[in-house]
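Remarks on the structure that follows.
Residue numbers (our numbering): 1399 to 1601.
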């Protein structure tokens, strides 16, 4: 989600030690402009949710499963973010923004915006944490794509000894190596975020 840094209000607040309903309702009563970020450790690793407020109401939301780079936006993101507020292995951060900054976020993240603002009266925080969203995630992930080499092997068309390496195979190899490097960097970044979350939960 494209979002401004904002002014920190709370950092590393343990969800397990927080009455999240009271916390959210207080922000709503204060007509809060800003956002709440939720980081938690789920079945598939690090998960991050964002809820954007304008005049104390939810106006945009996004939820990401970092391992798969899979995001759910708008209502689907809000449902998962509110569920994450009940996670035993999570922390939340809150940041205030100006009204203009909130409008910029809404303009840059149209796919994450809610059809209508969610207020205290229409907010639905679950009674308890649900793992059903993680189960839904596993069923929505695409099957791994079969590489050309794997497909050729399956069809009995493996490369013959002495066959010349073509420009196409060299390009594919280079792309694969680039993808591996990018994946390694992303994995390192995720590991760093996971370690930071684990350190916060140990305090």
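Cβ coordinates follow ideal geometry from the N, Cα and C atoms, glycine included. Computed from a predicted structure; not experimentally measured.
CA-to-CA distance, residue j to residue i, given in whole angstroms
i: residue 1402; j: residue 1466; result: 24 angstroms
i: residue 1563; j: residue 1444; result: Because the pLDDT of residue 1563 is 49, which lies under 50, any placement of that residue in the model is unreliable, and the number read from its coordinates should be weighed accordingly. Those two C-alpha atoms are separated by around 41 angstroms.
i: residue 1435; j: residue 1409; result: 9 angstroms
i: residue 1431; j: residue 1522; result: 20 angstroms
i: residue 1514; j: residue 1437; result: 25 angstroms
i: residue 1457; j: residue 1516; result: 7 angstroms
i: residue 1407; j: residue 1520; result: 25 angstroms
i: residue 1502; j: residue 1496; result: 10 angstroms
i: residue 1528; j: residue 1500; result: 30 angstroms
i: residue 1420; j: residue 1595; result: 23 angstroms
Cβ shell of residue i (< 7 angstroms), same chain only, five flanking positions each side left out
i: residue 1524; result: 1480, 1481, 1484
i: residue 1399; result: 1448, 1460, 1507, 1510
i: residue 1518; result: 1423, 1426
i: residue 1532; result: 1440, 1441, 1442
Whether residue i touches residue j by CB criterion (8 angstroms)
i: residue 1459; j: residue 1440; result: no
i: residue 1454; j: residue 1429; result: yes
i: residue 1451; j: residue 1461; result: no
i: residue 1449; j: residue 1433; result: yes
i: residue 1509; j: residue 1472; result: yes
i: residue 1504; j: residue 1498; result: no
i: residue 1494; j: residue 1405; result: yes
Sequence-distant residues of the same chain with beta carbon closer than 8 angstroms to residue i, five excluded per side
i: residue 1526; result: 1484
i: residue 1535; result: 1442, 1463, 1466, 1468
Local conformation of residue i per DSSP, three classes
i: residue 1434; result: strand
i: residue 1484; result: coil
i: residue 1521; result: coil
i: residue 1472; result: coil
i: residue 1495; result: coil
i: residue 1409; result: strand
i: residue 1527; result: coil
i: residue 1446; result: strand
i: residue 1508; result: helix
i: residue 1415; result: helix
i: residue 1439; result: strand
i: residue 1428; result: coil
i: residue 1479; result: helix
i: residue 1400; result: coil
Spatial neighbours of residue i in its chain, beta-carbon cut-off 6 angstroms, leaving aside the 5 residues before and after
i: residue 1418; result: 1483
i: residue 1492; result: 1407, 1408, 1434
*asked:* Closer than 8 angstroms is the cut-off here; do at least three beta carbon pairs connect the segment 1405-1416 with the segment 1485-1496?
replied: yes
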